[in-house]
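K.L.:
Dumping the structure here so I can ask a few things about it.
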Amino acid sequence: MKVGVIVFPGSNCDRDMYHVLTDVFNLNAEFYWHEKNLPSDIDAVVLPGGFSYGDRLRAGVIAAHSPIISDVKKLAEKGIPILGVCNGFQILVESGLLPGVLLKNESLNFMCQWTNLIVNNNKTPFTCKLQMNQKIPIPIANGEGRYFVDDESLNQLKKNNQIVFSYENKVNGSISQIAGVCNSDGNVVGMMPHPERAAEKAINQIDHKPSSLIFESLIETIGMKN
Amino acid sequence: MSFQEHERQHIEKNVKRKLTDTELQILAAEWSEHCSYKSSKKHLRMLPTTGPNVIVEKGYDSGVLDVGDGYVVTVHIESHNHPSAVEPFGGAATGVGGVIRDILSTGTRPIALFDGLRFGNIETDAHARWLFKNAVSGIADYGNCLGIPTIGGEVEFDECYKNYALVDVAAVGFGKKSKLIKNHANIDDLVLLIGGSTGRDGVGGSQFASDALEGENRSAVQIPDPFIEKLIIEAILECRDTNCINAMKDLGGGGLSCAISETAESLGVGIELDVKNVHLRESDLSPDEIMISESQERMLVISDPNNLSKIKQICNKFRIQCSVIGTVKNDKMMHVKNGDETLALLPADFVARGPLIDRKKSKPEYLSKLPSSPPSENQLSLSDILLKLLSSPNIASKHWVFRQYDHEVGIRTVIRPGFDGSVLRLDNGKFLSVKIDGNPKHCYIDPRNGAIGCFEESCRNVICTGATPIGMVDHLQFGNPEDPEIFWTFMESIEGITDFAKFLDIPCVGGKVSFYNETSDGPIKPTPLIGVLGLIEKSPLLPNAPSNDDVILLVGETKDELGGSEYYEYIHNFIGGVAPKVDFSESKKNMKSVLSLISKNLLKSVHDCSKGGLAIGLSELCIFGKIGCKVNLPSSLSSEKMLFSESHSRYILVVDKNNLDDITSILSDDHCSFSELGIFSGDQIIFESTSKPILKLRVDKAENNYLNSLGKIIQNG
């Protein structure tokens, strides 16, 4: 079982994600620099958070044109589980793999705080071990985290069960309080909050188990396949 | 650019010829107060700098502490006051960038940032609000982009910072001891300049910082680019891992002039460089400008010629520039060339070691004129006073600030900002606790005891997390040192800090002195800032919320010390009285005893008792636990003093009543002064004196004032 962690210039949660995948969940993870190719037999791909290209122009938009994204697109079509967290989510949205856009937070400020997520779809490779409506205490840390889609697309998202996570309370002005979505096939998931910052007891004094289930869901998904 | 008489004489004595223009520019930058420490260097030698954990290596720009198991922690503190007072966003951001590169230059990865911010009265002064808001944005923008968590700091407002700003940034690094850069150079090694291009920004920045702030010299402020800094960090660490760096130095104040002369001097070699090889942002930069530009995000690296291709390959991966600008020579000279033409040729130690100055000192007259107590009684009830203090910008919660900083990235943060010391987990299973503290109100009234108090408060904060202090950094900020009265306050501070450091055996592993912090309105109050690092071997004591029936113990003695308190200054608008003074032996005794109670797992949580006194310390615990308290004040002092005095060496213990007897017997055995004040219960903060209620405040009301005041001031003006 091999998980690729993509590193863009300016990624800064890559090492955190790698630590959680390998040291906490014993997965075989490997870094892939954005100019490299992804092996076709890879089992899952994670796009970690950070400030790829310093958020220049718009968060995620330059990284969405990195050479490695064409490999990500191919893998996505093959149904390989792909997770984008924070800047990774922004990149997935900018590359067209996920619907919608991420705008500046309503406060116009960077926001770093703990919040509760609600699970709205537990059929994805990253949520299959969670219960519907389960609460996940988790931190957010972003400046451009306000999810937006037009009404028609929002209805589509709801109809196709593509809203994966929503915030329990109003946090940043996201439409329908959406915190994470998936593609219509369900294998590509993007979320603004950081599960890698909440999956260990030492740094999550509220409850680290729900976030752990995000990673355990992945293990179950790719474990079953192999 | 001008030299003082003794500097001219020093030049004439050592260089028997007329200096070139470039040489004059180089010396003016390097001999500025900012770079040469000419007023303070002699006196800084009194600080204790060695200890069992301290690793000393030539040319390090940051302190290095051994934390066991082959790991080290590095720490450094800097300020960027003048630039931030002119252009707060860029000034504060580049302040962050500079201190991070000091951490990087030892070969360690920066893992945390702390910042101390000080401005004028934000309640009445729109300019102070503008400075504050933009300095916070600048820090957030830079630190967040780099993925280095800002996990602590402090924010303070005082009239003395009107039209000015103090922006202090401390950074902590972590790495393997075996990977520390052991600064050395061999003859014919290459001198590389890695990172951002050199431009006109920041030309003359260190001279700008070595004078009172009068004009707005915006061109002396550097332009931040955190994305380039992030790439440099990763590239340098990759170079470190492939062992291709012999020596390294950050380019900061004084730019290339300072980096080249200091590197050559500390390594005992000569460096010859050609300004034509420096990669530029603007092609028409003059050689002199190239030498003194303080453009950010640049590192000087010395490497073996055989490693050049490896370094170039790494820089190429990250798309950052790397220029070979010079070579190492055996003549101990700093040789600056422009192609074939020699622009400067001076002994490196002559450049790096500017002549020092003996400054005169005399006790300031204002000290003997300070009144001893406020002229009139206050008409407010104690409950109203407490409510007002909770919304004082100096006391109210700073979450409006630290929520803009990513304090989680790096997944080391165990205790987050907003409590006492902040705690990070380290890779060897230990924990690092860090806190920075300053208190200009105390220091103004009593420079010596005020400085010691900042040091003690910082120690108390890390002790509250169960950490043993292993090192400290100091940042001494004053007005013009040429004024004997100001220089006296500097001397008092450094002597006080030295005494306390020696008494507690805490080595000073880094620091900085910043003078000329003044505007046309006058100098700032003495503002020494102390950062303390503590190590926790097993597990930290978390700030557990108090619950019903938990007992409140106060360790330490409350004294008649309202001078410089938030109560005197914010409620009475009064500056004077007796400022708190640390009793050394009481301080040590209480630290030891509280640490032993924590190590025996007897305490639910400990909170430092400081700004705003016992009333604020307890209110903070009540707000955090969303629970009231009922406290009976000892009658040894008036209620006003018991509630608001800011006496040091005090800790509020939250105790499960089943552990009470064990705790009190240990405190008694250790001869600590302590009192059982009451319990947590209900939904009101209630203080009684001789069994009569004297103060009653609903916790939700207190919470509302405490949590929302700062944000409201910023938003509504």
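As given, the protein sequences belong to chains L and E, one line each in that order.
Going by our numbering, the letters in the first sequence line up with residues 1 to 226, in that order.
Going by our numbering, the letters in the second sequence line up with residues 1001 to 1717, in that order.
Here a beta-carbon is modelled for each residue, glycine too, at the ideal position from N, C-alpha and C.
1) Give me the DSSP bridge partner(s) of residue 142 of chain L.
2) What distance in whole Å lies between the Cβ atoms of residue 3 of chain L and residue 27 of chain L, which are believed to be in contact at a cut-off of 8 Å?
3) In chain E, what lies closer than 8 Å to residue 67 of chain L by C-beta?
4) Using a Cβ-Cβ cut-off of 8 Å, state whether residue 202 of chain L counts as contacting chain E.
5) Going by C-alpha to C-alpha distance, which of L:111, L:112, L:130, L:62 sits closest to residue 93 of chain L?
6) Considering only the alpha carbon of each residue, which of E:1177, E:1017, E:1249 lies closest to residue 1194 of chain E?
7) Between residue 1113 of chain E and the rest of its own chain, which residues show a CB-CB distance below 6 Å, the 5 nearest in sequence each way excluded?
8) Flag residue 232 of chain L as yes if its beta-carbon sits less than 8 Å from any beta-carbon of chain E, otherwise no.
9) Going by C-alpha to C-alpha distance, which of E:1029, E:1173, E:1157, E:1018 sits closest to residue 1066 of chain E?
10) Please say whether residue 1564 of chain E and residue 1075 of chain E have beta carbons closer to each other than 8 Å?
11) Of all the CB atoms in chain E, is at least one closer than 8 Å to the CB of residue 226 of chain L?
12) So is residue 1516 of chain E buried or exposed if we call it buried at 16+ other beta carbons inside 10 Å?
13) Which residues bound the alpha helix (DSSP H) around residue 1668 of chain E?
14) Apart from the five residues on each side of it in sequence, which residues of its chain come closer than 6 Å, Cβ to Cβ, to residue 1398 of chain E?
15) Out of curiosity, what's the CA-to-CA distance linking residue 226 of chain L and residue 187 of chain L?
16) At what residues does the alpha helix (DSSP H) containing residue 15 of chain L begin and finish?
17) Using a Cβ-Cβ distance cut-off of 8 Å, determine whether residue 1071 of chain E contacts chain L.
18) Do we get a CB-CB distance below 8 Å when we pair residue 192 of chain L with the residues of chain E?
19) If you scan the region 1063-1115 of chain E from start to end, which runs of the alpha helix (DSSP H) of 4 or more residues do you find wholly inside it?
20) Is the number of C-beta pairs between the region 149-163 of chain L and the region 95-111 of chain L that are closer than 8 Å three or more?
21) Pull up the distance between the alpha-carbon of residue 1293 of chain E and that of residue 1192 of chain E, whole angstroms please.
22) Output the distance between the C-alpha atoms of residue 1436 of chain E and residue 1669 of chain E, rounded to the nearest integer angstrom.
23) Ends of the alpha helix (DSSP H) at residue 1261 of chain E?
24) In chain E, which residues lie less than 7 Å from residue 205 of chain L when you measure between Cβ atoms?
25) When the Cβ atoms of the region 1542-1549 of chain E are set against those of the region 1593-1601 of chain E, are three or more pairs found closer than 8 Å?
26) With a cut-off of 8 Å, do at least 3 Cβ pairs link the region 1010-1023 of chain E to the region 158-177 of chain L?
27) Please go through the same chain and pick out, in chain order, the residues whose beta-carbon is closer than 8 Å to the beta-carbon of residue 1338 of chain E, but skip the five residues on each side of it.
28) The ligand ZN and residue 1322 of chain E: does any heavy atom of the ligand fall closer than 7 Å to the residue's C-beta?
29) Using the three-state DSSP reduction, which class does residue 1642 of chain E fall into: helix, strand or coil?
30) Have a look at residue 1428 of chain E and residue 1537 of chain E and give me their C-alpha separation to the nearest angstrom.
31) Just by C-beta distance, which residues in the region 1404-1424 of chain E are closer than 7 Å to chain L?
32) Hey, is residue 208 of chain L's beta-carbon within less than 8 Å of any beta-carbon in chain E?
33) Is the shortest distance between the beta-carbon of residue 196 of chain L and the beta-carbons of chain E less than 8 Å?
34) In whole angstroms, what separates the C-alpha of residue 1569 of chain E from that of residue 1394 of chain E?
35) Quick one: Cα of residue 1304 of chain E to Cα of residue 1285 of chain E, how far?
36) If you compare alpha carbons, which of E:1425, E:1054, E:1077, E:1367 is closest to residue 204 of chain L?
P.N.:
Let's see:
1) Here the question's residue 142 of chain L lines up with position 142 in the first sequence. In DSSP, residue 142 of chain L forms a bridge with L:111.
2) Here residue 27 of chain L refers to the residue found at position 27 when the first sequence is read from its first residue. Here residue 3 of chain L refers to the residue found at position 3 when the first sequence is read from its first residue. About 5 Å; that satisfies the 8 Å criterion.
3) Counting from 1 along the first sequence, the entry for residue 67 of chain L is found at position 67. Neighbours of residue 67 of chain L on chain E: none; closest Cβ ~13 Å, over 8 Å.
4) Residue numbering aside, residue 202 of chain L sits at position 202 when the first sequence is read from its first letter. Interface residue, yes.
5) Within the first sequence, the letter at position 93 stands for residue 93 of chain L. Out of L:111, L:112, L:130, L:62, L:62 has the C-alpha closest to the C-alpha of residue 93 of chain L.
6) As a position in the second sequence, residue 1194 of chain E is number 194, starting the count at 1. Comparing Cα-Cα distances from residue 1194 of chain E to each of E:1177, E:1017, E:1249, the minimum goes to E:1249.
7) Here residue 1113 of chain E refers to the residue found at position 113 of the second sequence. Only 1143, 1148, 1150, 1171 meet the Cβ criterion.
8) A query on residue 232 of chain L cannot be resolved here, the shown segment of chain L reaching from 1 to 226 and no further.
9) Numbered from 1 along the second sequence, position 66 holds the residue referred to as residue 1066 of chain E. Selected option, being the one with the closest Cα: E:1173.
10) The residue given as residue 1075 of chain E occupies position 75 in the second sequence. The residue given as residue 1564 of chain E occupies position 564 in the second sequence. Not a contact, by the Cβ cut-off of 8 Å.
11) Position 226 of the first sequence holds residue 226 of chain L. Low local confidence applies: a pLDDT of 48 at residue 226 of chain L is under 50, so the model's placement there is unreliable, with the coordinate-based value given in what follows. So no, residue 226 of chain L is outside the interface.
12) Locating residue 1516 of chain E in the second sequence gives position 516, where the first residue counts as 1. Result: buried.
13) The sequence position of residue 1668 of chain E within the second sequence is 668, counting from 1. Looking at the DSSP string, the run of the alpha helix (DSSP H) that includes residue 1668 of chain E is 1660-1669.
14) Within the second sequence, numbered from 1, the residue matching residue 1398 of chain E stands at position 398. Correct list, in chain order: 1155.
15) Your numbering for residue 226 of chain L matches position 226 in the first sequence. Your numbering for residue 187 of chain L matches position 187 in the first sequence. With a pLDDT of 48 at residue 226 of chain L, under the threshold of 50, the modelled position of this residue cannot be trusted; read the value that follows with caution. Their Cα atoms are separated by approximately 16 Å.
16) The residue labelled residue 15 of chain L in the question sits at position 15 within the first sequence. First-last of the alpha helix (DSSP H) with residue 15 of chain L: 14-19.
17) Here residue 1071 of chain E refers to the residue found at position 71 when the second sequence is read from its first residue. So no, residue 1071 of chain E is outside the interface.
18) In the first sequence, residue 192 of chain L corresponds to position 192, counting from 1. Not closer than 8 Å to any Cβ of chain E, the Cβ of residue 192 of chain L fails to qualify, so no.
19) 1081-1086, 1088-1104
20) yes
21) Against the second sequence, residue 1293 of chain E aligns to sequence position 293. Against the second sequence, residue 1192 of chain E aligns to sequence position 192. About 17 Å.
22) Position 436 of the second sequence, counted from the start, is the residue given in the question as residue 1436 of chain E. Position 669 of the second sequence, counted from the start, is the residue given in the question as residue 1669 of chain E. Computed Cα separation, rounded: 31 Å.
23) Within the second sequence, the letter at position 261 stands for residue 1261 of chain E. Start and end: 1255-1267.
24) Position 205 of the first sequence, counted from the start, is the residue given in the question as residue 205 of chain L. Those within 7 Å of residue 205 of chain L in chain E are 1542.
25) no
26) no
27) Mapped onto the second sequence, residue 1338 of chain E falls at position 338. Within the same chain, residue 1338 of chain E has close Cβ partners 1274, 1275, 1276, 1287.
28) In the structure on display, the ligand ZN does not appear, and there are no ligands present to speak of.
29) The residue labelled residue 1642 of chain E in the question sits at position 642 within the second sequence. In the structure shown, residue 1642 of chain E sits in a helix (DSSP, three-state: H, G or I).
30) Here the question's residue 1428 of chain E lines up with position 428 in the second sequence. Here the question's residue 1537 of chain E lines up with position 537 in the second sequence. Looking at the two C-alpha atoms, the distance is approximately 9 Å.
31) 1404, 1405, 1406, 1407, 1408, 1409, 1410, 1411, 1413, 1414
32) Working through the first sequence from its first residue, we reach residue 208 of chain L at position 208. No, residue 208 of chain L does not count as interfacial toward chain E.
33) The residue labelled residue 196 of chain L in the question sits at position 196 within the first sequence. For residue 196 of chain L, the answer is yes, since a Cβ of chain E falls inside 8 Å of its Cβ.
34) Taking the second sequence and counting its residues from 1, one reaches residue 1569 of chain E at position 569. Taking the second sequence and counting its residues from 1, one reaches residue 1394 of chain E at position 394. Roughly 11 Å separates the two Cα atoms.
35) For the purposes of this step, residue 1304 of chain E is identified with residue 304 of the second sequence, where counting begins at 1. For the purposes of this step, residue 1285 of chain E is identified with residue 285 of the second sequence, where counting begins at 1. Distance between the alpha carbons of residue 1304 of chain E and residue 1285 of chain E is about 29 Å.
36) Along the first sequence, one-based indexing puts residue 204 of chain L at 204. The residue with the shortest Cα to Cα distance from residue 204 of chain L is E:1425.
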